[in-house]
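Undergrad: This note's numbering applies: residue 2 is where the sequence shown begins, and numbers increase by one. One structure, pasted below without further comment.
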Amino acid sequence: MGKLLEVKDLKVSFHTYAGEVQSVRGVSFDLDKGETLAIVGESGCGKTITSKSIMRLIPTPPGEIKSDSQILFEGKDILKMSDKELRDLRGEAISMIFQDPMTSLNPTMKIGNQIAESLIIHRGMNKKEALEEAIKMLKLVNIPNAEKRVEQYPHEFSGGMRQRAMIAIALACNPKVLIADEPTTALDVTIQAQIMDLIKELQNKLGTAVILITHDLGVVASVATRIQVMYAGKIIERGTTDEIFCNAKHPYTWALLQSVPRLDTKHKNKLYSIQGTPPDLLKPPVGCPFASRCEYCMQICKEEMPEVTKISDTHSVQCWLQHPLAPKVEAPIVAGGAE
Ligand code: SF4
């Protein structure tokens, strides 16, 4: 059976006064029904641009999705869909939730009406049926007093409840794919955990596939089936969650893992932070994009982009350290704190 979603050689640029910024530089991956794929990396690595490309939400101009890119949903290229096909796709087949629900919810519209809207448009329900369904959706995302809450406005909801309401809107039409872009970043830690648990619970219940976009590897550990790490517009390592957490091969992934706080880290140890900044994608480097920040950098790293090395059927990495002639380097103890 074909994949639910296939992204093939996605390249996205932005045309600015300074020149062409190559934000996504040949990204390929796929997604199976019901699985959770995490895309992890610092801000500016291209993860959000990738997810917005799937929804065709890149403003063109200044954005440009290169013509040899393909994004296939159930075999059909999203990049070639008509406006009508796109309207049907968004919400009905693929939905997205964003970091800050306050900027996505309409402050002048009751929450119930915001959930009902997509049910009326996509499911052909009348207003009464759609509002009844909206109450069910609010109950599904564990909002108490759903019958009363459905009549309230976003400002009457707490931050966590607004994110739950966003999830209710996104899942109202039972989409096959949910893209969650930093869904918990604006929330405090306890609420973050509740929202991640909710996404996991709903995914099990509804069978929705999830693409989880985050800068924080700690958030994905208990939720993701597979992880791909993005840096400077490329996927530099991918694997199952176990492979990334227990056998990562790329120095950038090691650095991300060391940045995750852990309960067994001694309190006097400072949390690890990655020095330096990502390269300027106006002029992407010819060699490894992580070279200027990598403590294992060799001469060849600055001159040539490493090939993809397959570690297992599910695990691959793009780093010169995997070359047979490279010096053997032990992964640092990725203990979640500076040693
Ligand atoms: Fe570091 Fe070289 Fe590997 Fe890049 S290719 S991550 S610079 S060792």
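Think of the CB as a built atom: it goes at the ideal place given N, C-alpha and C, for glycine as much as any other residue. Remember, predicted model here, so these are calculated numbers, not experimental data.
For Gly277 versus Ser293, is the C-beta spacing smaller than 8 Å?
TA: yes
Undergrad: Can you tell me the Cβ-Cβ gap for Val151 and Glu238, rounded? I've got them flagged as a contact below 8 Å.
TA: The Cβ separation is near 44 Å, so there is no contact.
Undergrad: Do the CB positions of Gly42 and Met231 come within less than 8 Å of each other?
TA: yes
Undergrad: Hey, would you say the C-beta of Ala292 is under 7 Å away from at least one heavy atom of ligand 1?
TA: yes
Undergrad: Within the same chain, show all residues whose beta-carbon is closer than 7 Å to that of Gly64, passing over the 5 residues directly before and after it, in chain order.
TA: Val13, Phe15
Undergrad: Sort out for me which residues DSSP pairs Ile344 with in a bridge.
TA: Since the first and last residues shown for the chain are 2 and 340, residue 344 lies out of range.
Undergrad: CA-CA distance, Pro285 and Ala181?
TA: 28 Å
Undergrad: What separation, rounded to the nearest whole angstrom, lies between the Cα atoms of Lys4 and Gly208?
TA: Lys4 and Gly208 have their C-alpha atoms spaced approximately 15 Å apart.
Undergrad: Mind pulling the alpha helix (DSSP H) runs of 4 or more residues that sit fully within the stretch 203-253?
TA: 218-221, 242-248, all fully within the stretch 203-253.
Undergrad: Just checking, does the stretch 119-134 make contact with the stretch 166-173 on the three C-beta pairs under 8 Å criterion?
TA: yes
Undergrad: Mark Gln300 as exposed unless 16 or more other C-beta atoms lie within 10 angstroms of its C-beta, in which case mark it buried.
TA: exposed
Undergrad: Evaluate Glu183 with the Cβ neighbour count: other Cβ atoms within 10 Å of its Cβ, from every protein chain shown; 16 or more gives buried, anything less gives exposed.
TA: buried
Undergrad: By the 10 Å Cβ neighbour count, where 16 or more other Cβ atoms means buried, how is Met56 classified, buried or exposed?
TA: So Met56 ends up on the buried side.
Undergrad: Could you have a look at Gly160 and say whether DSSP puts it in helix, strand or coil?
TA: It is helical.
Undergrad: Arg26 lies in the alpha helix (DSSP H); which residues open and close that run?
TA: Note, Arg26: premise wrong, no alpha helix (DSSP H); beta strand (DSSP E) at 20-32.
Undergrad: For Cys46, tell me which candidate among Pro60, Ile59, Val25 has the shortest Cα-Cα distance.
TA: Val25
Undergrad: Are at least three pairs of beta-carbons, each pair with one atom in the stretch 95-102 and one in the stretch 155-166, less than 8 Å apart?
TA: yes
Undergrad: Just curious, the alpha helix (DSSP H) that Gln100 is in, first and last residue?
TA: Run containing Gln100: none; DSSP gives neither H nor E here.
Undergrad: DSSP state of Glu7, grouped into three classes?
TA: strand
Undergrad: Please determine whether the Cβ atom of Met299 lies at a distance below 7 Å from any heavy atom of ligand 1.
TA: yes
Undergrad: If distances are taken between C-alpha atoms only, which option among Gln71, Cys320, Ala210 comes closest to Val309?
TA: Cys320
Undergrad: Please classify Gln71: does DSSP put it in a helix, a strand, or coil?
TA: Reduced to three states, the DSSP call for Gln71 is strand.
Undergrad: Looking at Leu90 and ligand 1, is the gap between the Cβ and the nearest heavy atom below 7 Å?
TA: In this structure, ligand 1 has no non-hydrogen atom nearer than 7 Å to the beta-carbon of Leu90.
Undergrad: Given this structure, state the Cα-to-Cα distance separating Glu331 from Glu148, to the nearest angstrom.
TA: Using only the alpha carbons, I get a separation of about 57 Å.
Undergrad: For a test of the three-state rule: what should DSSP assign to Ala332, helix, strand or coil?
TA: coil
Undergrad: Quick one: residues in its chain with C-beta nearer than 6 Å to the C-beta of Leu257, no 5 flanking neighbours on either side, listed in chain order?
TA: Leu218
Undergrad: Whose CA, out of Leu6, Ser223, Leu188, lies closest to the CA of Lys77?
TA: Leu6
Undergrad: Note the first and the last residue of the continuous alpha helix (DSSP H) segment covering Glu296.
TA: Premise fails: Glu296 is in no alpha helix (DSSP H) and is neither H nor E.
Undergrad: My understanding is that Met97 touches Leu90, with C-beta atoms under 8 Å, so please give their C-beta distance in whole angstroms.
TA: Not a contact, Cβ separation roughly 11 Å.
Undergrad: I'd like to confirm the pairing. Which residues does DSSP put opposite Ile275 in its beta bridges?
TA: BP columns for Ile275 are empty, so no partner.
Undergrad: Taking all protein chains shown into account, do 16 or more other C-beta atoms lie within 10 angstroms of the C-beta of Ala19, making it buried, or fewer, making it exposed?
TA: So Ala19 ends up on the exposed side.
Undergrad: Run through DSSP, which three-state label would Glu340 get?
TA: Here the model assigns Glu340 a pLDDT of 43, short of 50, so the residue's position is not dependable and the matter cannot be decided.
Undergrad: Following the continuous beta strand (DSSP E) through Ile79, name the residue where it begins and the one where it ends.
TA: First-last for Ile79: undefined, no H or E at that position.
Undergrad: Within 10 Å of its beta-carbon, does Thr215 have 16 or more other beta-carbons around it, so buried, or fewer, so exposed?
TA: Under the 10 Å beta carbon count, Thr215 is surrounded by 16 or more other beta carbons and is classified as buried.
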